[in-house]
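Peer 1: Number 490 in our numbering belongs to position 490 of the sequence shown; there are no gaps in the numbering.
Glycine included, C-beta positions come from ideal geometry on N, C-alpha and C.
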Amino acid sequence: LDHCFFTVEVPGVAIMRQSNRFFFCGHTSGKVSLRDLRTFKMEHEFDAFSGSLSDFDVHGNLLAACGFSSRGLNGLSCDRFLMVYDLRMMRAITPMQVHVDPLFLRFIPTYTSRLAIISQTGQCQFCEPTGLANLADIFHVNTVGQLLMSFDVSSSKQALSFGDSGGCVHLWSSAPEVSFNSYSRETELALPCLVDSLPQLDWIHELMPLSLLPMPLTSTEPLLSDWPTSLITPSPRRAPLVDPEILRTMKTVGFIGYAPNPRSRPRNQVPYKIKDIELEYDSYNQVPESPIGRDEEPHLYMVPKKYRKVTIKYSKLGLEDFDFKHYNRTLFAGLEPHIPNAYCNCMIQVLYFLEPVRYLVQNHLCQKEFCLACELGFLFHMLDLSRGDPCQASNFLRAFRTIPEASALGLILADSDEQTGKARLGRLIQSWNRFILAQLHQETLEQEGPQAYRGASSSTLGSSGESVIGRLFGCEVENSSLCRCGKETVRSSLTLLFTMHYPEQRSPEEYDFAEILKKSICLEQSTQAWCDNCEKYQPTVQTRNIRCLPDVLVINCEVNSTKEAEFWKAQTEYAYSKALKKEAAEPPKPKEPLPTEWCLEEELCSVEGLTFDTQAEDMRHVWIPLSLKMCISKTQGLEVSSLSEGEELTESEEAEGASVFDLVVTVSHIQDARTGGNLVAHIKVGETYHQRKEGVTHQQWYLFNDFLIEPIDKAESAQFDVNWKVPAVLYYVKRNYNAKYDLRIKNPIDASVLLTEASLARKQRKSHATFIPLMVSEMPQAADLVGLDAEFVTLNQEEAELRSDGTKSTIKPSQMSVARITCVRGQGTNEGVPFIDDYISTQEQVVDYLTQYSGIKPGDLDAKISSKHLTTLKSTYLKLRFLIDTGVRFVGHGLQKDFRVINLMVPKEQVIDTVYLFHMPRKRMISLRFLAWYFLDLNIQSETHDSIEDARTALQLYRKYVELSHNGGQEEFRKVLKALYEKGRKLDWKVPDIDSADGQGSPKSTAVFPSVMGL
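Structural data, given as structure tokens:
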């Protein structure tokens, strides 16, 4: 037996393990090194603990370690966080917190990869390395006061052994009879068969080549292949026709055409027809040629392209090269759909285009951390500032996921339900509509005392404590219950919306929408209810009547089954036949040319001298009226009737208190089995919105499909083909209802948000403060410079697929959450001193802290154990909003991503991004570290990132840019940039080490700004 000696680089190897890939060495310094099994050279190294390593174990692709951490003057203490590493990605995953002081650990891979964690006092805990620890899984070894000194698991994984300081060995097992391997060694398997086996032939498959059939050689009969070549003509397979979708979307560069894959056929397969037999593959990828197939799956050809689910195509540049303008030619802002629970994007747009709601939430501000009204106000402010660029509702949906009522109502969807299309979006959006109105009503009630945020205005709230939501949507309802004994019970309540109820008939008859609506509002039904007089449940007639009309009438259509869908389909057919009879009864109109904007295509509107009114043609299929007349009379109660477009009330009707309601919103569920369906909204945008965005005064219907926005005609907004477009929500508004409300925005965010606030962390001390708040004399003014940097953590990893050509395609990007925001002074005697350095507390599970790039460590965001200045996202968001509203100019590196994750919309003139200042067209972006080394002679980000250091460096780089631009002009600055890129190419864009700079410069280790402790 040969012996080889190897010398490790770092002494103190105390623990060794081996797997089929690496030889693991655990050092007393807290590190674990991974070495090659043949050469024993170190391949990777994990810095697990700051103190010492007590034990570690390896199973499959996981490495788990426990040890000691340094606690300052208190010395070393046992760390209750187990470090878990993924050996495939060679990085740490989420640390696992246990309930004992871990000294030993072993994997017990029987059915699952369980971990056994042992403390020195005899406590034993079992848990999964990727799950949460459970107190019920803790057991105790009866050591009679002795300390455990050793622990191991048998090779059969059926017994555990403990050795204590008293010399006793404790044996645990899961059964009375335990199997032990007396001579434990790996099983030697037989060598694989070296004889090539014959291929298996599928006799049923019709496309199997005949040449695979074994055939004996015969010399008597001639073979077909013996024919002379002169009698053979090659007949290649005819190339299939190119997909028309490819020809339509193809872009030609030179003589080469490029087109996206329409995914109408399986990858690397060409249909091969044998007589009348065709290849059958996934029916969802093609339109069936048979009419029977179309009837069974009408979504394959009925859904127009603009109504289909839109997705963002991610490239290696992320969203920078995605053309959102292709989907939105207007100046209104869409909403991105890739965020969890973004199915409500359409309803957010609906609320935004209701003027009183928009003004209400932007005037609202409270101290509640997760307030949907506040988050809607912040989101609507971004929609106001955007000029056609899409926005994200990430902060709003983050707050929405924390509301217990939303979770109880089933409004929080799992990622799997959204991706697989299992969610019933039609019913879901109606429940969300009911929930959001009630939630906004509760949150915007007039509040006094400690609940009101400092600087908040309550001018838009009612004097009696009622909210604008209650005055806008609320309708006072009188519910009466009449028992058959004659006792009647009446109670009053406030309802914010109504639900459609359809007649119980097997064969649908013709109904007027106004008639159905009236019966749904003034509902009368029989049910079993408790009667106090009879003292038992009795058949009771329950009747609902309204005492007043709301300003906005909200209707949930409740088309949740085939029965309701057939009712809508029948009423649409009745409306079409009724329109045809009406046209036949009217005298023919003289032919008059129509305005060109009425015609979608000139060829379709004029055929052989005939003219067609496309609007009238489309209105034939509309059942719901565009206007309603509603009145509450003393004798007949509620009266509802349909009105034609533009029809006004007479003086007598106005004297009776009648009102006209116009249709402004329709929300539809688009049913598409290939994508799982989606939700769209048709919204009639008013004059004030067009005036703010486009400077014109007119009204127009628009289709809102996430970030796709397209103008449509009024008929399309009210048409519903229930085969693919199912109605969900309708909004009717009273004419001139805006005149009742104060439509002025009074910004409730003032300078008080920058004042000193207490940290949420319990262990945070003033001596550890990393920033100095602004004094009253330092309050920022317009055009002041502020250095900004933000660090993030990952909540969900990205989902990507590897294509056959080796390229990676991102399906869903990683979900990031802001973890730290730093703002430093940009001028004055304290230039470079931070005045905001907030760590953001999060209640969501963090998948990756990205410590190497963010400097955030596990525990920094936990209020129980963090020593940082911890605060809420809302508190820091208000500080940044005040700075933006003041007009300061932010200086930073890569601010576009920072503002995107923070969920802020900042005007371009207020952003100075050093990544673009030192950038040449069609060249790569340069990192902050390389720029700091090249221009400032600074060595930053050597071990990890620090947002204070990055913000200061960005400020210095901006000063350097101003100096270079003013001294030499644009031509000289261009020469500097060329020299910068040339230097970067030589060094492969890597900053040289300080010791081996070799004439490249000697970077300094610190910047020239004063420290916080020195002020």
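(1) How would you label lysine 734, buried or exposed, when you count the other beta carbons within 10 angstroms and need 16 or more for buried?
(2) Can isoleucine 836 and valine 818 be called in contact, C-beta distance under 8 Å?
(3) Pull up the CB-CB distance for leucine 440 and alanine 373, whole angstroms please, since I reckon it's below 8 Å.
(4) Use the C-beta contact count for tyrosine 732: other C-beta atoms within 10 angstroms, 16 or more gives buried, fewer gives exposed.
(5) What is the C-beta distance between tryptophan 724 and aspartate 672, in whole angstroms, given that I count them as a contact (C-beta under 8 Å)?
(6) If contact is defined by three or more beta carbon pairs under 8 Å, each pair taking one atom from either stretch, is the region 506-524 in contact with the region 392-401?
(7) How about leucine 1092 and lysine 879: are their beta carbons less than 8 Å apart?
(8) With three or more beta-carbon pairs closer than 8 Å as the criterion, would you say the region 950-965 touches the region 927-941?
(9) Taking contact to mean 3 or more Cβ pairs, one atom from each stretch, closer than 8 Å, check whether the region 807-817 and the region 336-349 are in contact.
(10) Check each candidate in Arg544, Gly892, Ala529 and name the one with the smallest Cα separation from tyrosine 537.
(11) Have a look at phenylalanine 151 and phenylalanine 56 and give me their C-alpha separation to the nearest angstrom.
(12) Hey, could you find the ends of the alpha helix (DSSP H) serine 701 is sitting in?
(13) Following the continuous beta strand (DSSP E) through isoleucine 683, name the residue where it begins and the one where it ends.
(14) On a Cα-Cα basis, can you pick out the residue from Glu844, Tyr877, Tyr853, Lys874 that is closest to leucine 861?
(15) Identify every residue that forms a DSSP beta bridge with glutamate 172.
(16) Measure the Cβ-Cβ separation of valine 468 and threonine 444 and say whether it is below 8 Å.
(17) With valine 891 and valine 786 assumed to form a contact (beta carbons below 8 Å), what rounded beta-carbon distance in angstroms separates them?
(18) My understanding is that glycine 67 touches serine 77, with C-beta atoms under 8 Å, so please give their C-beta distance in whole angstroms.
(19) Use the C-beta contact count for asparagine 1089: other C-beta atoms within 10 angstroms, 16 or more gives buried, fewer gives exposed.
(20) Below 6 Å CB to CB, which residues in the same chain sit around leucine 643 once its five sequence neighbours on both sides are set aside?
(21) Could you check whether leucine 977 and threonine 953 sit closer than 8 Å to each other, using their CB atoms as the reference points?
(22) Rounded to whole angstroms, what is the Cα-Cα separation between threonine 130 and threonine 842?
(23) Are at least three pairs of beta-carbons, each pair with one atom in the region 141-150 and one in the region 87-101, less than 8 Å apart?
(24) Enumerate in chain order the residues of its own chain whose CB-to-CB distance from aspartate 913 is below 6 Å, with the five nearest sequence positions on each side excluded.
(25) With C-beta atoms as the reference, is valine 665 less than 8 Å away from leucine 730?
(26) What does the alpha-carbon distance come out to for the pair histidine 299 and glutamine 442?
(27) Could you spell out the range, first to last residue, of the beta strand (DSSP E) harbouring phenylalanine 835?
(28) Assuming methionine 382 is part of the alpha helix (DSSP H), what are its boundary residues?
(29) In whole angstroms, what separates the C-alpha of leucine 619 from that of lysine 569?
(30) Per DSSP, valine 490 forms a beta bridge with which residues?
(31) For the beta strand (DSSP E) containing aspartate 721, name the first residue and the last one.
(32) Which residues bound the beta strand (DSSP E) around phenylalanine 139?
(33) Short check: CB of alanine 14 to CB of lysine 31, under 8 Å?
(34) Are serine 29 and glutamate 45 closer than 8 Å when you measure CB to CB?
(35) CB threonine 330 to CB isoleucine 709, shorter than 8 Å?
(36) Note down the Cα distance separating glutamate 963 from aspartate 551, rounded to an integer number of angstroms.
Peer 2: Let's see:
(1) With 16 or more other Cβ atoms inside 10 Å of its own Cβ, lysine 734 counts as buried.
(2) Contact: no.
(3) Cβ-Cβ separation between leucine 440 and alanine 373: approximately 6 Å, consistent with a contact (criterion under 8 Å).
(4) So tyrosine 732 counts as buried.
(5) Between aspartate 672 and tryptophan 724 the Cβ distance is about 7 Å, and since that is below 8 Å, they are a contact.
(6) Using a C-beta cut-off of 8 Å, the region 392-401 makes no contact with the region 506-524, since fewer than three inter-stretch Cβ pairs fall below that distance.
(7) As shown, the chain starts at 1 and ends at 1015. That puts residue 1092 outside it, with no answer to give.
(8) Taking one beta carbon from each stretch, the region 950-965 and the region 927-941 have 3 or more pairs nearer than 8 Å; the two touch.
(9) With a cut-off of 8 Å on Cβ pairs, the region 807-817 is in contact with the region 336-349, counting three or more such pairs.
(10) Of the listed residues, the one whose Cα sits closest to tyrosine 537 is Ala529.
(11) Rounded to the nearest angstrom, the two C-alpha atoms are 12 Å apart.
(12) Per the sequence presented here, residue 701 reads as tryptophan, with serine not at that position. No alpha helix (DSSP H) contains tryptophan 701, which is instead part of the beta strand (DSSP E) from 700-705.
(13) Unbroken beta strand (DSSP E) run through isoleucine 683: 678-685.
(14) Comparing Cα positions, the closest option is Glu844.
(15) Here the sequence assigns tryptophan to residue 172, which means glutamate is not the residue at that position. Bridge partners of tryptophan 172: Leu160.
(16) The answer is yes: Cβ separation under 8 Å.
(17) Yes, valine 891 and valine 786 are in contact; Cβ-Cβ is about 7 Å, under 8 Å.
(18) Not really, about 11 Å apart at Cβ, beyond 8 Å.
(19) Residue 1089 lies beyond the range of the chain shown here (1 to 1015); nothing can be said about it.
(20) Only Ser627, Lys629 meet the Cβ criterion.
(21) Not closer than 8 Å, so no.
(22) About 20 Å.
(23) Of all C-beta pairs linking the region 141-150 to the region 87-101, fewer than three are shorter than 8 Å, placing the two stretches out of contact.
(24) Short of 6 Å from the beta carbon of aspartate 913, and not among the five residues preceding or following it, lie these beta carbons of its own chain, in chain order: Leu895.
(25) Their beta carbons are under 8 Å apart, which means valine 665 touches leucine 730 by this criterion.
(26) At histidine 299 the pLDDT is 43, less than 50, meaning the model places this residue with poor confidence; the figure from the coordinates comes in the next sentence. Using only the alpha carbons, I get a separation of about 41 Å.
(27) Run containing phenylalanine 835: 834-840, per the beta strand (DSSP E) assignment.
(28) Residues 372-385.
(29) It should be pointed out that residue 619 corresponds to methionine in this sequence rather than to leucine. Looking at the backbone, the Cα of methionine 619 and that of lysine 569 are separated by about 15 Å.
(30) Valine 490 is bridged by DSSP to Ser480.
(31) Element bounds for aspartate 721: n/a, residue is neither H nor E.
(32) Phenylalanine 139 -> beta strand (DSSP E) spans 138-140.
(33) No, the Cβ-Cβ distance between alanine 14 and lysine 31 is not below 8 Å.
(34) With contacts defined by Cβ atoms closer than 8 Å, serine 29 and glutamate 45 do not form a contacting pair.
(35) Their beta carbons are under 8 Å apart, which means threonine 330 touches isoleucine 709 by this criterion.
(36) Looking at the two C-alpha atoms, the distance is approximately 60 Å.
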